[in-house]
Amino acid sequence: AQSVTQLGSHVSVSEGALVLLRCNYSSSVPPYLFWYVQYPNQGLQLLLKYTSAATLVKGINGFEAEFKKSETSFHLTKPSAHMSDAAEYFCAVSNNQAGTALIFGKGTTLSVSS
Amino acid sequence: EPEVTQTPSHQVTQMGQEVILRCVPISNHLYFYWYRQILGQKVEFLVSFYNNEISEKSEIFDDQFSVERPDGSNFTLKIRSTKLEDSAMYFCASILSEIDEQYFGPGTRLTVT
Chain A
9 AQSVTQLGSH VSVSEGALVL LRCNYSSSVP PYLFWYVQYP NQGLQLLLKY TSAATLVKGI
69 NGFEAEFKKS ETSFHLTKPS AHMSDAAEYF CAVSNNQAGT ALIFGKGTTL SVSS
Chain B
-14 EPEVTQTPSH QVTQMGQEVI LRCVPISNHL YFYWYRQILG QKVEFLVSFY NNEISEKSEI
46 FDDQFSVERP DGSNFTLKIR STKLEDSAMY FCASILSEID EQYFGPGTRL TVT
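Read top to bottom, the protein sequences are chains A and B.
Sequence positions in the first sequence follow the working numbering and run 9 to 122.
Sequence positions in the second sequence follow the working numbering and run -14 to 98.
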């Protein structure tokens, strides 16, 4: 069975500081990995995805994530936080078979202070 | 840009009533999903649908739930007899192929009183 663990339910950073949101996964098959962002009262928006190509994945809004198989990790980073980055971030895993479900982590709330 | 749409945005119903949540997936997508998010909790998979049948479902998706694609565009989730614990945000998603990401709709907030 697949699972996702997001370390830290709440992360607070100052504007301009590095953002690091942690995600570890468990999967018996090569995984596909995703980061989604959810702004208040909105749906889920894809930030980036890993589907077995390059291990360093660049997404929207300056975010990137690195797939590390040896550490079973897919941490999300952004060099410099912006106030508009404040949101809920979800890491998700699926296997690489067509149409399978996304398994989400519990989410991390990112707060950005000025 | 194509997007998944959901109606209504908010549905209030009494316990024991039937509700139907509606979704219009992106037109050329082939796989369809329902997820739910209870307030303050993680997003949970309910069911996936492909080629007019359920392809996968979670333990949450019991006999009280059903899905249908009645007309080739809408994708519906029916809850036959709602319970208080069904109160959640329900998200529809669709996907074109297995290497594509799932595109989510804005959600329907279901409140059962």
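We put the CB at the ideal spot given by N, CA and C, even for glycine.
As the structure is a prediction and not an experimental result, all values here were calculated from the model.
Residue-level contact to chain B via CB, residue i, 7 Å cutoff
i      : result
A:F82  : no
A:A89  : no
A:G67  : no
A:K114 : yes
A:A73  : no
A:K86  : no
Span of the beta strand (DSSP E), counted from its first residue to its last, around residue i
i        : result
B:V(-11) : It is not in any beta strand (DSSP E) - B:V(-11) carries neither H nor E in the DSSP assignment.
A:K76    : E72 to K76
B:L6     : V4 to V9
A:A25    : Segment: none, A:A25 is in no beta strand (DSSP E) and carries neither H nor E.
B:I23    : B:I23 -> no beta strand (DSSP E), and no H or E assigned at all.
A:H83    : S81 to K86
B:Q(-4)  : H(-5) to T(-2)
For residue j and residue i, the rounded distance between their alpha carbons
i      : j     : result
A:P48  : A:F42 : 20 Å
A:L118 : A:L64 : 22 Å
B:E70  : B:M0  : 10 Å
A:S60  : B:I11 : 25 Å
B:K68  : A:L26 : 43 Å
B:T61  : A:S11 : 27 Å
B:Q87  : A:P87 : 27 Å
B:P55  : A:K77 : 42 Å
B:I80  : A:S22 : 36 Å
A:N103 : B:F17 : 16 Å
Sheet register partners of residue i (DSSP bridge)
i      : result
A:N103 : A:P39
A:K114 : In the DSSP output, where bridge partners are listed per residue, A:K114 has none listed.
A:H18  : A:T117
Any C-beta of chain A under 7 Å from that of residue i
i        : result
B:S33    : yes
B:S89    : A small fix is needed here, since residue 89 of chain B is Phe in this sequence, not Ser. Yes, because at least one Cβ of chain A sits closer than 7 Å to the Cβ of B:F89.
B:F30    : yes
B:G1     : no
B:E41    : yes
B:E(-14) : no
B:E53    : no
Whole-number beta carbon distance between residue j and residue i, since they are thought to touch under 8 Å
i      : j     : result
A:K114 : B:K27 : 4 Å
B:I23  : B:V32 : At roughly 16 Å, the Cβ-Cβ gap does not stay under 8 Å, so B:I23 and B:V32 are not in contact.
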